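Each number in this note's numbering corresponds to the 1-based position in the sequence shown with 1169 added.
For glycine and all other residues, C-beta sits at the position ideal for the given N, C-alpha and C.
Please read all numbers here as calculations on a predicted model, not as lab measurements.
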Amino acid sequence: MGSPLTPEIIEELKSISQLSVEEQKKVLPSFLKKLTPEQIEYIKNQQLEQQEECLFCSMVNGNIKIKKVYEDLDYLAFLDIKPANPGHTLVIPKEHIQFSTHLTNPKIFDIANRIADSIYKNLGKNTNIFVANGTDAGQRLNHLAVHVIPRDKGDGVTIGWQGKEVKEDELDKIASKIRIEIKEKEPEKEEKADEFIEYDDLRIP
Ligand SMILES: [Zn+2]
């Protein structure tokens, strides 16, 4: 009955689960080396059980009926059965992933955006697009969902906060901590030039 995992291993597992897929790949080999085969087997079985119990995984597997709004190879979107407002849609990855930061591409947000556009065009409603990454942020299931919520004026739905006072030097510190850089792709000038030459070659024998 008892778990073969020590409290230290459980803590370490928790912190690894918060990392991105790339970072997990880096730390997992050395973590697994510390474990006995019995412990590894236990962790694998636990993960399988979690997925079997996962409500969203059951929807992906067709074990629970849904009102489908969109589906492709990797994503599924359907109506929330207890919506904030009618039309409240959830977009989920078919893979059991907890954090949006663990996704390898941002397509889920593109799908959510298109559904928000469809809600605007077909229901005439404004929307909130909402993600909870982790339990502190209000995530209830450990399977990622992007919520697209249609809104009406005075509908009683609350997604809000009271602005806190933060000193300017504190703002500077935080900004420098979380600042990121995104490298834009270089325009593919050379390839286009090649295409042009090929085209010319075809036309001028
Ligand atoms: Zn799941």
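task: Mark TYR1244 as exposed unless 16 or more other C-beta atoms lie within 10 angstroms of its C-beta, in which case mark it buried.
output: buried
field: Simplified DSSP state of LEU1182, which is helix, strand or coil
entry: helix
message: Does the distance between the C-beta of PHE1278 and the nearest non-hydrogen atom of ligand 1 fall short of 7 Å?
response: no
Inside the segment 1189–1263 only - alpha helix (DSSP H) runs reaching at least 4 residues: 1190–1202, 1206–1222, 1224–1229
query: Taking DSSP as the reference, what is the three-state secondary structure of THR1296?
result: strand
task: Could you tell me which residues DSSP pairs with PRO1319 in its beta bridges?
output: THR1296
task: Check whether the Cβ atoms of ASN1254 and VAL1326 sit closer than 8 Å, and answer yes or no.
output: yes
task: Look at LYS1266 and PHE1247 and say whether their C-beta atoms are less than 8 Å apart.
output: For the sequence presented, residue 1266 should be read as Ile rather than Lys. No, the Cβ-Cβ distance between ILE1266 and PHE1247 is not below 8 Å.
- request: Measuring alpha carbon to alpha carbon, tell me which of LEU1340, LYS1203, LYS1202 ends up nearest ARG1348.
  value: LEU1340
query: Do HIS1312 and ILE1261 have their C-beta atoms closer together than 8 Å?
result: yes
query: Listed in chain order, which residues are found with a beta carbon closer than 5 Å to a heavy atom of ligand 1?
result: CYS1223, PHE1225, CYS1226, HIS1265, HIS1312
- prompt: Any idea if LEU1242 is buried or exposed, counting beta-carbon neighbours within 10 angstroms, 16 or more meaning buried?
  reply: exposed
- prompt: In three-state terms, what does DSSP make of SER1172?
  reply: coil
task: Please name the residue in HIS1257, GLN1331, LEU1217 whose C-alpha comes closest to that of PRO1319.
output: HIS1257
message: Across the segment 1224–1235 and the segment 1286–1293, are there enough close Cβ pairs to call them in contact, namely three or more that are closer than 8 Å?
response: no
query: When we look at the beta-carbon of LEU1259 and count the other beta-carbons within 10 Å, is it buried (16 or more) or exposed?
result: buried
- request: Specify, as a first and last residue, the run of the alpha helix (DSSP H) that ILE1343 falls within.
  value: 1337–1347
query: Taking C-beta to C-beta, are PRO1440 and GLU1207 nearer than 8 Å?
result: This structure cannot speak to residue 1440, because the chain is shown only from 1170 to 1374.
message: My output table needs one value for ASP1324: the three-state DSSP class, helix, strand or coil.
response: coil
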